[in-house]
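Residues 128 to 383 in the numbering used here are what the sequence shown spells out, letter by letter. All C-beta atoms, glycine included, are put in the ideal place defined by N, C-alpha and C.
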Amino acid sequence: MINIINLVGKLSLNVFENLGKITLFFLMSFYWLFKKPFYFKQFLSQILDIAFYSLPVVGLTTFFSGMVLALQTFSGFDNFNDESTISKIVLTSILRELGPVLAGLMVCGRVGAKMAAEIATMRVSNQIDALETLSTRPIQYLISTRLLASIIAVPFLVFIGNIIGVFGGFIVSTFKLDLNPILYMVSTIDNFNSIDLIQGLIKALVFGIIISIVSCYFGFNASGGAEGVGRATTISVVTASTLILTSTYFITALFI
128 MINIINLVGK LSLNVFENLG KITLFFLMSF YWLFKKPFYF KQFLSQILDI AFYSLPVVGL
188 TTFFSGMVLA LQTFSGFDNF NDESTISKIV LTSILRELGP VLAGLMVCGR VGAKMAAEIA
248 TMRVSNQIDA LETLSTRPIQ YLISTRLLAS IIAVPFLVFI GNIIGVFGGF IVSTFKLDLN
308 PILYMVSTID NFNSIDLIQG LIKALVFGII ISIVSCYFGF NASGGAEGVG RATTISVVTA
368 STLILTSTYF ITALFI
């Protein structure tokens, strides 16, 4: 019994210690955003990598999610299989939850893992130490640019993913479920609520911060050669994904 309590205590202390360090890491990265010099080329490279190259996987994921959601709504609401019901459920679910969460998880798996692996490799190969010898602040050059790029790119991806997801629901509803396309589009417009869109974009903003900071933190503090790079990448993706799913509940609770 005592051993179990000791284990739980050690795990709890380790979790809170890492949360504290990640918070300080975020504050330092945010602070250096407003200090000169600003590495525009590095920032532009990250924007391109996150926003442009992640768009196909985010679009494909949200498109099929909208299609599946329309099918499930049609089969689950036997007495309400009309344009208004299906379009409202698809629109609200995509804007509030599915769009932001799916986009966040896809970006976490594609970009977060890459960030962690790149920075961890730089750490174990002493490239970060080399930056310091060249009078370049590693956090300002490597982390702050990625943080700003994620803050801008992830909401953009979520916004585009929302449109594609709603379009996927429209395709299934009109071509497979034989609903009236005009009535479906009018119902979608009538049921649109700006608060739902704002809620999803706030989640996207938080997810962007989580993905960049968590991935960069574990990469920045990696050690142990190739094994350390793999360990940092795995931990960063698992931690960021867990925080995304956890934070979406608390943000949703704020709007209810």
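Member of the options whose CA lies at the smallest distance from the CA of residue i
i, options, result
"Leu304", "Ser202, Gly351, Trp159", "Ser202"
"Pro183", "Leu284, Thr373, Ala349, Lys330", "Leu284"
"Thr263", "Ile213, Pro164, Asn307", "Pro164"
"Leu370", "Ser339, Gly346, Glu354, Gly351", "Ser339"
"Leu160", "Thr272, Gly292, Gly357, Leu372", "Thr272"
"Asn320", "Ile132, Ser252, Val185, Ile216", "Ile216"
"Gly231", "Leu134, Asp323, Ser181, Tyr158", "Ser181"
"Val341", "Asn133, Val135, Ile149, Leu218", "Ile149"
"Ala244", "Asn318, Leu198, Asn307, Glu354", "Glu354"
"Tyr376", "Gly357, Val228, Ile309", "Val228"
"Ile290", "Asn253, Thr315, Phe302, Val142", "Thr315"
"Gln173", "Val234, Pro308, Glu259, Ala257", "Val234"
Cβ pair residue i, residue j closer than 8 Å
i, j, result
"Phe286", "Gln326", "no"
"Gly239", "Ala280", "no"
"Ile246", "Leu269", "yes"
"Ile378", "Val313", "no"
"Tyr311", "Ser214", "yes"
"Ala349", "Arg250", "yes"
"Thr219", "Asp323", "yes"
"Gly186", "Val293", "no"
"Gly296", "Gly226", "no"
"Ala331", "Gly346", "no"
"Val364", "Gly236", "yes"
"Ser277", "Ile132", "no"
Status (buried if at least 16 other CB within 10 Å, exposed otherwise) for residue i
i, result
"Leu275", "buried"
"Glu189", "Glu is not the amino acid found at residue 189; the sequence shown has Thr there. Looking at its Cβ environment, which holds 16 or more other Cβ atoms inside 10 Å, Thr189 is buried."
"Gly352", "exposed"
"Phe167", "exposed"
"Thr361", "exposed"
"Ala380", "exposed"
Distance between beta carbons of residue j and residue i, contact taken as under 8 Å
i, j, result
"Leu222", "Pro282", "Not a contact, Cβ separation roughly 13 Å."
"Ile337", "Ser300", "No, Ile337 and Ser300 are not in contact; Cβ-Cβ is about 33 Å, not under 8 Å."
"Ile266", "Ser156", "6 Å"
"Val356", "Thr212", "Incorrect: roughly 50 Å between the Cβ atoms, too far for contact."
Residue-chain proximity (residue i, chain B), Cβ-Cβ < 8 Å
i, result
"Phe190", "In summary, chain B is missing from the structure at hand, where a single protein chain is found."
Residue i - containing alpha helix (DSSP H), residue span
i, result
"Asn348", "Per DSSP, Asn348 belongs to no alpha helix (DSSP H) and is neither H nor E."
"Val184", "180 to 203"
"Tyr311", "308 to 318"
"Ile131", "129 to 159"
"Gly239", "Segment: none, Gly239 is in no alpha helix (DSSP H) and carries neither H nor E."
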